[in-house]
Amino acid sequence: MPLANARAICPQLTVFDADEAADAAALNAIADACDRFTPLVALDGPHGLFLDITGCVHLFGGEAAMMRLVCERLTAQGFAVSAAIAGTAVCARALTRQLHGRIVRDGGEADAVRPLPVSALGADAAITGGLRRAGLKTIGDVAARAPHEITARFGADFTCLLQQALGQGDAPISPRKPLPDYIVEKRFAEPVATAAVISATLSGLAQMLVAAMAQQGKGARRLQACFFRTDGAVRAIAVDTGQPVTRAEVIDRLFAERLEALSDPLDPGFGFDLIRLSAGRTEIVVQQQRDLDANVHDNDELAALIDRIAARIGGRRVVVHLPQDSHIPERAMLAAPAQQHLAAAMLAAWPSRVEGEPPLRPLRLFERPEQIKVIAEVPDGPPARFVWRRASHAVVRAEGPERVAMEWWRCQGEMLTRDYFRVEDEAGLRFWLYRDGLYDREIVQQQGVAVQPNWFMHGLFA
Amino acid sequence: MNGARVSTLATLRGRIGRIESAGDATTPARVALGHAEADAALQGGLATGAIHEVFAAAGRQAAAATGFVAGLAARAGGRRPLLWVRQDFAEVESGALSISGLGELGLDPRALVTVRAADADTALRTAADALACDALGTVVLEVWGQARQLDLVASRRLTLAAQLSGVTGLLLRVAAEPQPSTAETRWIVGAAHSPPAAAFSPWGAPVFDAQLVRNRHGPVGRWIMEWKCDECLFDQPAAYPRPVAAAPAHRPHQAPARAPQRRAG
């Protein structure tokens, strides 16, 4: 209906622009809140949700009670809700389009959807229009035709949809979040808000989780605590560990670190009425023999320390170093997150130093080489004097060049060969600098004018 | 009255002596640095399970101070893991720690774990945590600039953690002025000239002009120290013609009450 017609019918009409992003965000928030009923929640845009309640119903006192609970919670927040329970997702969706609160028994799908109009199927507007023009008003009318006729006219997808609505086939929903391996949760009759209760609850949950995992010899690599507020907001806090965790105290301590370091602290609002702890990724724990040599124990302690630091400041800020097969100084080393790569880093093979030689690589390396001004006695010789960070240095000793060619098989643009020099200035400071480009080959005269090469400061020796 | 004052002083001295000896009981372990004079001043070597501060003599001496800290860490930590806590800004200002450079100094890059802390607060907190973990050999805390967080309280906390676990803590401070702290030793380090050598002979081994300006259990001093990359210890440079300024005679060291007094030579 055009807006002008609507205004003519109802002059007091208030008009808003559609805000699809806000709608999607609201739907996501509702889906978060529905996580409390089942871990399998799927979005059905633009305004629907699928909840797979297989195996969860008894926790809420039956299907009818569960549906009432879901609807009450959402209605209390000001949403208009239409819900249905059926054996297939498409059947349930078709029912919600027409009437609220239907619960279809197994095998009763076909009877339930037959009287519904074809628009309830949620097919394309073209298909719905086509069906109506063909005189097929209800789903029962369509189902009465031979399937090959429907397929020939409206495509196999629609036939499939129709069969699912009639309960003759089923397609799995695609949940928003992967199903965690273990879930433990605690519900509160009265919402809780104090930090003491929250941490005590987490401790209790951690013990339950560890007990559940221990039965199958598992340890958690990724843990998530979800805090469900009474007003529907959900806060999820995840912690990753480098080694499988099998002790409740460790889980406790990791979450204590994480909660303390949150940039926006946990806001209990009017209180949490459900706290859930889940192990998203688990591994089989290999029990290691503790020998008198404390090496194994030390490695465990180091891994635990890394986990704690990572929980507080983020896993990417705790790094170990892996050698790379490259002769370019800045590419010779890769910083990798310590939680995942600690074992690899401990076994890495680094190039060994040359005995009797002074250090040939600087101790501190600038990520971006800094440009310097250089005076050299001979064009391709070492510098005699240079200016770095506005301070002038006279070179007393120099060694070089050490020529480093760029990796032509990797870089796209033209990269110049570098000539590195190790120099010491009159104050005893030792530097590593390089000239970008080779004379006469890469730095050539342009229209008879000599081009000055660029010099860079790349590192500092101890 | 005079007698009463003397007895008060004696009581106080006795009390301080008891406090200090209680602290001493937990920190007996020392590792020799290799430099004979420095070891003598340090009563046998660098105390492990304590905090040592290394200041760069100037902003551009950051690399020299880093090299000195790496040397101390190698001596104190042995083959145990080294945790290097670094403030992000230090990397911008004085360059990132190069692992191949660390390997060239004779340290084992496999034993290094780096923590990149966003600010001084986080770095301090992380270092305090790490010092409590006895699986580590050494913890290096690198902070750029005059951080007000590193006050006497923070320093005391670090010292206590180090004493309990036996992990050695090294503070690397660049562009900062020394403040009161509970550190065992405090060094001001700059680069020194490479010793003169014949043409075409290798030069450029790390040589430091190390000034020990605070030593809780011995005299202070100033030495030219060379880090021997192959042997992994400090030593006197082979031939060093320039005389080194003697330690100031007017600054007595703070020795424990029971130890015999020694003057810096």
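Taken in sequence, the protein lines are chains B and A. So for the first sequence, our numbering puts the first residue at 592; every next one is plus one. So for the second sequence, our numbering puts the first residue at 23; every next one is plus one. Here a beta-carbon is modelled for each residue, glycine too, at the ideal position from N, C-alpha and C. Keep in mind the model is a prediction, meaning the values are calculated, not measured.
Given that residue i touches chain A, what residues does it touch there, using C-beta distances under 7 angstroms?
i	result
A544(B)	Since the displayed chain B opens at 592 and closes at 1053, residue 544(B) lies outside it and no answer follows.
G991(B)	Simply none; closest approach about 11 angstroms.
M924(B)	I121 and S122
A929(B)	V135
D889(B)	A157
Can you pull the chain B residues whose beta carbon is under 8 angstroms from the beta carbon of residue i, in chain order?
i	result
T148(A)	I900, R903 and I904
C254(A)	Result: empty, since nearest Cβ-Cβ is about 11 angstroms, beyond 8 angstroms.
A227(A)	P949 and P950
L288(A)	Nothing about residue 288(A) can be read from this structure; chain A reaches only from 23 to 287.
A176(A)	Neighbours of A176(A) on chain B: none; closest Cβ ~17 angstroms, over 8 angstroms.
S223(A)	Near S223(A) there are no residues of chain B at all, since even the closest Cβ is about 10 angstroms away, more than 8 angstroms.
A152(A)	L896 and I900
A118(A)	R955, L956, F957 and E958
State buried or exposed for residue i, treating a residue as buried only when at least 16 other CB atoms are found within 10 Å of its CB.
i	result
R723(B)	exposed
D626(B)	buried
G287(A)	Annotation note: pLDDT 49 at G287(A) (below 50); position unreliable, coordinate value reported separately. Counting Cβ neighbours within 10 Å, G287(A) comes out exposed, since fewer than 16 surround it.
T605(B)	exposed
A805(B)	exposed
Q1043(B)	exposed
D173(A)	exposed
P593(B)	exposed
N649(B)	Position check: residue 649(B) holds His in this sequence, whereas Asn was assumed. So H649(B) ends up on the exposed side.
L234(A)	buried
L64(A)	buried
Q807(B)	exposed
What does a CB cutoff of less than 6 angstroms around residue i pick up in its chain, not counting 5 residues either side in sequence?
i	result
T181(A)	I73 and T204
T1008(B)	A996 and L1029
Q754(B)	G760
A839(B)	A797, Q798 and V801
E921(B)	none
Applying a beta-carbon distance threshold of less than 7 angstroms, which residues of chain B neighbour residue i?
i	result
H215(A)	G1019
I88(A)	Reading the sequence as shown, one finds Thr at residue 88(A) and not Ile. Per Cβ cutoff of 7 angstroms: L954, R955 and A1053.
G191(A)	By Cβ distance, chain B contributes nothing, its closest Cβ being about 14 angstroms from G191(A), past 7 angstroms.
Which same chain residues, not among the five before or five after residue i, have their C-beta less than 8 angstroms away from its C-beta?
i	result
G81(A)	E115, S116, V196 and A197
Quick check: residue i and residue j, are their CB atoms within less than 8 angstroms of each other?
i	j	result
A929(B)	R132(A)	no
V986(B)	P974(B)	yes
C254(A)	P950(B)	no
L158(A)	A149(A)	no
S216(A)	E1015(B)	yes
G1101(B)	V836(B)	Limits of chain B in this structure are 592 at one end and 1053 at the other, which puts residue 1101(B) out of reach.
G1050(B)	R955(B)	yes
A927(B)	V911(B)	yes
L55(A)	R97(A)	yes
Could you spell out the range, first to last residue, of the alpha helix (DSSP H) harbouring residue i?
i	result
I741(B)	P738 to F745
T719(B)	A716 to R724
T666(B)	E654 to A667
D864(B)	It is not in any alpha helix (DSSP H) - D864(B) instead sits in the beta strand (DSSP E) that spans F863 to I875.
A635(B)	According to the sequence shown, residue 635(B) is Asp rather than Ala. Looking at the DSSP string, D635(B) is not in any alpha helix (DSSP H); the run it does join, the beta strand (DSSP E), is V632 to D635.
L182(A)	L174 to S187
Going along chain A, which residues have a C-beta under 9 angstroms from residue i?
i	result
V910(B)	V135, T136, V137 and R138
W941(B)	I121, S122, G125, D130, P131 and R132
G1050(B)	A85, G117, S120 and G123
Leaving out five residues on either side along the sequence, give the residues of the same chain with a beta carbon under 7 angstroms from the beta carbon of residue i.
i	result
P782(B)	T821, F861, G862, F863 and D864
I1034(B)	G1028, V1042 and P1044
T49(A)	Confidence at T49(A) is low in this model, with a pLDDT of 46, below 50, so its placement is unreliable and the value that follows should be read with caution. Correct list, in chain order: A69, G71, A72 and Q185.
Name, please, each residue of chain B whose Cβ falls closer than 9 angstroms to the Cβ of residue i.
i	result
G71(A)	The contacting residues do not exist; G71(A) stays about 16 angstroms from chain B at best.
A92(A)	L954 and A1053
Could you tell me the boundaries of the beta strand (DSSP E) in which residue i lies?
i	result
V606(B)	First-last for V606(B): undefined, no H or E at that position.
I210(A)	T207 to A213
G191(A)	T190 to V196
H691(B)	It is not in any beta strand (DSSP E) - H691(B) carries neither H nor E in the DSSP assignment.
T785(B)	Where T785(B) is concerned, there is no enclosing beta strand (DSSP E), given that its DSSP letter is neither H nor E.
L642(B)	G639 to L642
R959(B)	R955 to A967
M1006(B)	Segment: none, M1006(B) is in no beta strand (DSSP E) and carries neither H nor E.
T832(B)	V825 to V836
R1026(B)	R1021 to D1027
D257(A)	L255 to D257
A982(B)	A982 to V995
L105(A)	L104 to Q109
Give the residues of chain A in contact with residue i, contact being defined as C-beta atoms less than 8 angstroms apart.
i	result
R1013(B)	G226
E946(B)	D252
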